[in-house]
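*Asks:* The numbering used here numbers the first residue of the sequence shown as 98 and each following residue consecutively.
Don't be surprised by glycine CBs; every beta carbon is placed ideally from N, CA and C.
The structure presented is a predicted model; accordingly, all values stated were derived computationally and were not measured.
Please see the structure below; I have some questions.
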Amino acid sequence: MPTSHSAEERGAEQSADTGPPPRLLGRWEIGAAGGADPLHGGSGRRSWRVRTAAGEYFLREHDRPDRRRVLFQHAVTTALDEEGLPVLAPLPARAGRTLVTSAGRGYVLYPWVGGRGRGGLELTFGQCEALGELLGRLHEALDRLTPPVQQSLLVPTPRAAAASAAVEEMLRDVPGDGDGTDFDALTGRRLRERRALLAEFAGHQPPEIEVSTVGHLHGAFDAGHLRYGGSGNVTAVLGWDGLTTGPVAGEVVRSAARLFACDDERGLDLDRVAAFVRGHRSAFPLDAGQIQAAVHREWWERLCDVAALRNRYLGDGGEHGDDGDRGSAALVAWWSANLDRTLDAFAAPYTAAFTDAPGDNPAYG
């Protein structure tokens with residue numbers, strides 16, 4: 098959501114936060130609040146952990162909320178919660194509204210959810226399959242409970258030439274060999290590696306016209322938005338602010354790539370990917386062609402996305418970038434070298450060998 102505040106200003110606001118507006122919490126039937134502790138999640142929105150005698154809650158503030166979008170999101174998450182899926186529905190206030198306004202700002206209250214975060218590579222193969230099935234169940238429920246999405250055939254494709262030109266421009270700003278810091282040398286090497294990959298794979302651009310199953314999507318189904326209980330089951334899928342529409346196969350592939358990517362040259366854990374896609378297929382079957390087209394597009398978009406390299410060098414993502422930047426660059430190189438293998442691995446759960454005999458999958462050995 099657009100805002101005129103800088104990241105530093107937002108951080109200062111949260112650091113100085115003493116709580117939500119007076120009497121705001123009295124608009125919900127939650128009893129007297131024992132306290133509201135500010136949370137610092139880096140989203141730029143203020144939020145609090147609210148303690149009452151009846152339990153704990155999560156309060157989020159929306160600065161100048163898009164009322165229509167927020168209420169649609171609330172309707173969707175409420176419907177998913179009523180389906181028995183691990184999605185938190187907003188709590189209606191005394192007047193029945195889920196979006197409460199005060200001084201021009203919006204506030205939403207949720208039940209507090211326990212559990213912990215887990216990286217995708219921490220999951221067993223069975224848990225990976227269960228997680229894929231959960232995403233498939235979400236897709237099935239979204240398809241059934243939300244209005245139809247216009248089938249779109251035109252999906253713009255990034256151009257390798259534009260990405261190459263951006264890399265060349267960045268290289269002109271990097272000091273030559275021996276003239277800069279070690280960080281400058283590393284940046285230059287990565288930019289040259291990306292330039293070589295763009296030249297090598299320029300002829301592998303995916304088509305702009307594709308026929309695929311489209312629908313409402315979570316938008317950010319990754320480890321940061323999943324909470325797990327002690328038995329390893331998912332207790333909550335968070336992050337529904339990213340609710341969007343698009344090809345379902347695209348979300349399956351993006352989620353798998355985010356969940357099961359190593360942060361070094363090892364690339365994707367393809368056994369876990371296959372288990373995840375197999376689980377999704379059991380709840381919301383697509384077909385191998387759609388999955389492979391989505392893999393092709395996700396790889397291409399990562400190859401042509403040089404913004405991360407630019408941000409890392411300019412310091413937009415931290416003084417000298419972070420591990421996520423390094424992992425992203427390594428994944429692009431690995432994926433380019435293993436494109437055919439990756440296409441086959443994502444589509445494997447749709448082949449006859451996987452359809453009838455899951456126990457034969459070496460990932461379950």
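Over the uninterrupted alpha helix (DSSP H) stretch that includes ARG291, give me the two end residues.
*Replies:* 279-297
*Asks:* Can you give the Cα-Cα distance for VAL345 and VAL173, rounded to whole angstroms?
*Replies:* 17 Å
*Asks:* Less than 9 Å between the beta carbons of GLU158 and PRO208, yes or no?
*Replies:* Against a cut-off of 9 Å, the Cβ pair of PRO208 and GLU158 comes out as no contact.
*Asks:* What separation, rounded to the nearest whole angstrom, lies between the Cα atoms of LEU400 and LEU122?
*Replies:* Their Cα atoms are separated by approximately 47 Å.
*Asks:* Roughly how many angstroms separate the alpha carbons of HIS377 and ARG234, rounded to a whole number?
*Replies:* 8 Å
*Asks:* Within its chain, find whatever has a CB closer than 6 Å to the CB of VAL349; leave out the 5 residues flanking it on each side and keep chain order.
*Replies:* HIS377
*Asks:* Measure how close the beta-carbons of ASP240 and GLY312 come, nearest whole angstrom, since I'm counting them as under 8 Å.
*Replies:* 5 Å
*Asks:* Within 8 Å, do at least three Cβ pairs link the segment 327-341 to the segment 387-398?
*Replies:* no
*Asks:* Taking contact to mean at least 3 C-beta pairs separated by less than 8 Å, is the segment 176-196 in contact with the segment 292-308?
*Replies:* no
*Asks:* Within its chain, find whatever has a CB closer than 6 Å to the CB of ARG289; leave out the 5 residues flanking it on each side and keep chain order.
*Replies:* none
*Asks:* Determine contact between the segment 251-265 and the segment 216-232, defined as no fewer than three beta-carbon pairs at a distance below 8 Å.
*Replies:* no
*Asks:* Identify whether LEU206 lies in helix, strand or coil by the three-state DSSP scheme.
*Replies:* strand
*Asks:* My assumption, with CB atoms under 8 Å, is that ASP160 sits in contact with ARG202. Please give the rounded CB distance.
*Replies:* The pair is a contact, with the Cβ atoms about 6 Å apart (cut-off 8 Å).
*Asks:* Just list the beta strand (DSSP E) runs in the segment 155-204, keeping only unbroken ones of 3 residues or longer that don't cross its boundaries, in chain order.
*Replies:* 197-199
*Asks:* Which runs of the alpha helix (DSSP H), 4 residues or longer, sit entirely within the segment 291-371?
*Replies:* 345-356
*Asks:* Here's the rule I'm using: 16 or more other beta-carbon atoms within 10 Å means buried, otherwise exposed. How should PRO187 be labelled?
*Replies:* buried
*Asks:* In chain order, what residues of the same chain lie with their CB nearer than 7 Å to the CB of GLY421, ignoring the 5 residues before and after it?
*Replies:* Confidence in GLY421 is poor, its pLDDT being 45 and thus under 50, which makes the residue's placement unreliable; the coordinate value appears in the next sentence. Residues of the same chain with their beta carbon placed closer than 7 Å to that of GLY421 are lacking, with the five preceding and five following residues left out of the count.
*Asks:* Return the chain-ordered list of same chain residues with a C-beta closer than 7 Å to the C-beta of ALA427, the five sequence neighbours on each side being excluded.
*Replies:* ASP361, GLU362
*Asks:* Which first and last residues belong to the alpha helix (DSSP H) in which ASP240 is found?
*Replies:* 222-242
*Asks:* Here's the rule I'm using: 16 or more other beta-carbon atoms within 10 Å means buried, otherwise exposed. How should HIS137 be labelled?
*Replies:* exposed
*Asks:* Could you spell out where the alpha helix (DSSP H) holding ARG438 opens and where it closes?
*Replies:* 436-444
*Asks:* In the DSSP assignment, find the unbroken beta strand (DSSP E) run with LEU136 in it and report its ends.
*Replies:* 130-136
*Asks:* Express the C-alpha separation of ALA129 and LEU323 in angstroms, rounding to a whole number.
*Replies:* 30 Å
*Asks:* Within 10 angstroms of the Cβ of GLN247, are there 16 or more other Cβ atoms? Answer buried if so, exposed if not.
*Replies:* exposed
*Asks:* Nearest to HIS315 by alpha carbon, out of ARG215, TRP337, LEU294, ALA296?
*Replies:* TRP337
*Asks:* Might you give, ordered along the chain, the residues of its own chain that have their beta carbon closer than 7 Å to the beta carbon of GLU305, omitting 5 neighbours on each side?
*Replies:* LEU251, VAL252, PRO253, THR254
*Asks:* Beta-carbon within less than 7 Å of ARG383's beta-carbon, same chain only, minus the 5 sequence neighbours each way: which residues are those?
*Replies:* Before going further, note that residue 383 is Leu rather than Arg in the sequence given. Correct list, in chain order: THR310, VAL345, ALA346.
*Asks:* Tell me whether THR341 is buried or exposed, calling it buried when 16 or more other Cβ atoms sit within 10 Å of its Cβ.
*Replies:* The C-beta of THR341 has fewer than 16 other C-beta atoms within 10 Å across all chains shown, which makes the residue exposed.
*Asks:* Can you tell me whether GLU395 is helix, strand or coil according to DSSP?
*Replies:* helix
*Asks:* Find the nearest neighbour of ALA200 within the set GLU153, LEU220, ALA380, PRO119, judged by alpha-carbon distance.
*Replies:* PRO119
*Asks:* On the premise that VAL205 lies in contact with THR195, defined as a C-beta separation below 8 Å, what is that separation, rounded to the nearest angstrom?
*Replies:* 6 Å
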